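First up is the structure itself, then whatever we jot down about it.
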Amino acid sequence: MATAAQLAAIAIERERDQMRLQESEERYRSLFTFNPDPVFSFDLDGNFESMNQAGCLLTGYGEQDFIGQSFARLALAEEMPRVRNYFHAARNGEAQRYEVKCRSKDGELLELYVTNLPIVVKEQIVGVHGVAKSVGERNRMNRALHKALVHSERQAELLRGLSRVAVKISGILDIRVLLDYLAEQMRMVIGAHLSIIHLAQDAGMRTEQTHTVSLSDKYEGGEGPLRLERSDFLAVIGQYEQPQIIPAAELDARRQQCDSANETKLPLTETLSVPLRNPAGKKLGWLALSDKYAGHFDQDDLAIAQQFAQMGITMLENNRLMREVLAGEQRLQAQLEFTSAITDSIAEGLLATDAQGLLTFVNPAAAQ
């Protein structure tokens, strides 16, 4: 009887173990089958043993397309050394978490956050589990946010530079010094190796045309301005009538069409050009920046360059008005001196009084 009871107890325990095992397998199968994220497993060589429906939908492959295939089928080639290291670490018993870029069957770029866990059976690692989550949309949002923050900081930096220059030039009276300062600051604020402010013959500063140049250390010492003077760059840029960013290829094409006697051919790079126009719309010259420190000129650079152009126009207009005032004072002084010479030479005495009858002028004859 005791033996029969023991056998019955053993049978009951085995049945319970089988039920627990079956329940565990069903739980795992449910977790595998109904998981909204890709769930998969590898053998110890890194070949797929399973892939759930979510993984198939995400990648565009059927489960049978995966079975027996290496994970290299999905990961980008440049990602493979890193992914292989993570797999080996998981195969050695260390859980791994990492991001990886893959390609779907249709060629779409997939960005996945992957967790790899060792599969342990009877204290032996027999494979590697994997759970992946698509993070492409999150990463795109993060990149867009970062780009917006960088752009915002760039705009703030440009505006701070522009404000600093606007304050500084208010204390500079010499027009040539102003132009030199403006060209240098424009180049440094926007970040370019070359900047030019070119004035036409009748721009109001001189009787002949002139330009001021600011160059970075990239250009060779004092030869830079001389080479620029002898080049056809000035003639090419002068053809543009609207503010714009000009690709190097377009500049080169314009140069081929330009009938310039200059022999020096400077290497042409992307250039930003803004015409200088007075309030009446007359073109007085132009300013340009070329060879940006890094990347390409953008619309923010163009907007700041237009503000520098406006400052240049204001400088020229103020200079013109100042010269008119000084010329008027000189004419008035000459007229006064002429009138004084006449009154002094008259033999008769001359007296002048103001509205209150007070004496304001006595010529030499009257004084005697």
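If you're matching positions, the sequence shown starts at 1 in UniProt numbering and goes up one per residue. Glycine is no exception: its CB is placed at the ideal position from the N, C-alpha and C atoms. None of the values given here were measured: they were computed from a predicted structure.
Per DSSP, cross-strand counterpart(s) of residue i
i, result
"N47", "S70"
"F308", "Its beta-bridge partners do not exist; DSSP assigns none."
"Y113", "E99, K133"
"residue 372", "In this structure the chain extends from 1 to 368, so residue 372 is not present and cannot be described."
"K283", "R277"
"Q124", "V121"
"L289", "S195, L272"
"F297", "None, per the DSSP bridge assignment."
"V39", "V131"
Straight-line Cα distance separating residue j from residue i
i, j, result
"T314", "Q155", "23 Å"
"P225", "L302", "Its pLDDT being 49, under 50, P225 is placed unreliably by the model, and nothing is read from it."
"E250", "F32", "59 Å"
"E153", "Q69", "47 Å"
"Q185", "G281", "25 Å"
"G222", "L182", "Because the pLDDT at G222 is just 49, under 50, the model does not fix this residue reliably, and the point stays unresolved."
"A95", "F297", "46 Å"
"H193", "R143", "29 Å"
"G171", "D180", "14 Å"
"L284", "I246", "20 Å"
"T207", "R277", "Low confidence applies to T207: its pLDDT is 43, below 50, so where it sits in the model is not reliable, and the reading given next is rough at best. Rounded to the nearest angstrom, the two C-alpha atoms are 18 Å apart."
"Q310", "A54", "59 Å"
"V121", "E63", "24 Å"
"V167", "L178", "12 Å"
"Q330", "Q306", "36 Å"
"V126", "N85", "18 Å"
"G93", "A148", "42 Å"
"K218", "L326", "42 Å"
"E78", "F34", "32 Å"
"S50", "R103", "18 Å"
"Q244", "L173", "30 Å"
"L321", "Q356", "36 Å"
"F87", "S273", "54 Å"
"E73", "V83", "Here the sequence assigns Arg to residue 73, which means Glu is not the residue at that position. Answer to the nearest angstrom: the Cα atoms are 12 Å apart."
"A248", "T210", "25 Å"
"Y113", "V135", "6 Å"
"L336", "G328", "12 Å"
"Q333", "P275", "39 Å"
"D252", "M141", "39 Å"
"C56", "F48", "13 Å"
Where residue i falls, given that 16 or more other Cβ within 10 Å makes a residue buried
i, result
"S214", "buried"
"E324", "exposed"
"I67", "exposed"
"G81", "Residue identity check: residue 81 is Pro in the sequence provided, not Gly. The residue in question, P81, is exposed, as its Cβ has fewer than 16 Cβ neighbours within 10 Å."
"F42", "buried"
"G312", "buried"
"A75", "buried"
"residue 449", "Any answer about residue 449 is impossible in this case: the structure gives the chain only from 1 up to 368."
"L234", "buried"
"L199", "buried"
"P36", "exposed"
"H151", "exposed"
"F308", "buried"
"T212", "buried"
"A261", "For A261, the pLDDT reaches just 47, beneath the cut-off of 50, and the residue's location in the model is therefore unreliable, although a value from the coordinates is still provided. So A261 counts as exposed."
"P279", "exposed"
"residue 381", "It is not possible to answer for residue 381, since the shown part of the chain is limited to 1 through 368."
"D354", "exposed"
C-beta contact flag for residue i and residue j at 8 Å
i, j, result
"L90", "N52", "As written in the sequence, residue 90 is Ala, which differs from the Leu given in the question. No."
"R254", "Q239", "yes"
"I196", "L316", "no"
"L145", "D300", "no"
"V39", "V131", "yes"
"E111", "N139", "yes"
"K105", "G60", "yes"
"I237", "T271", "yes"
"G191", "K292", "yes"
"N319", "I175", "yes"
Residue from the options whose Cα sits closest to the Cα of residue i
i, options, result
"V165", "P38, A132, M188, R254", "M188"
"A294", "F48, T269, G328", "T269"
"V128", "G136, H88, I119", "I119"
"S216", "L173, L289, G161, H198", "L289"
"Q124", "R73, A334, L44, V135", "L44"
"G46", "E337, F71, C56", "F71"
Proximity test, residue i beta-carbon vs the ligand ADP heavy atom, cut-off 7 Å
i, result
"R320", "Absence of the ligand ADP from the depicted structure is noted, as is the absence of any ligand whatsoever, leaving it without description."
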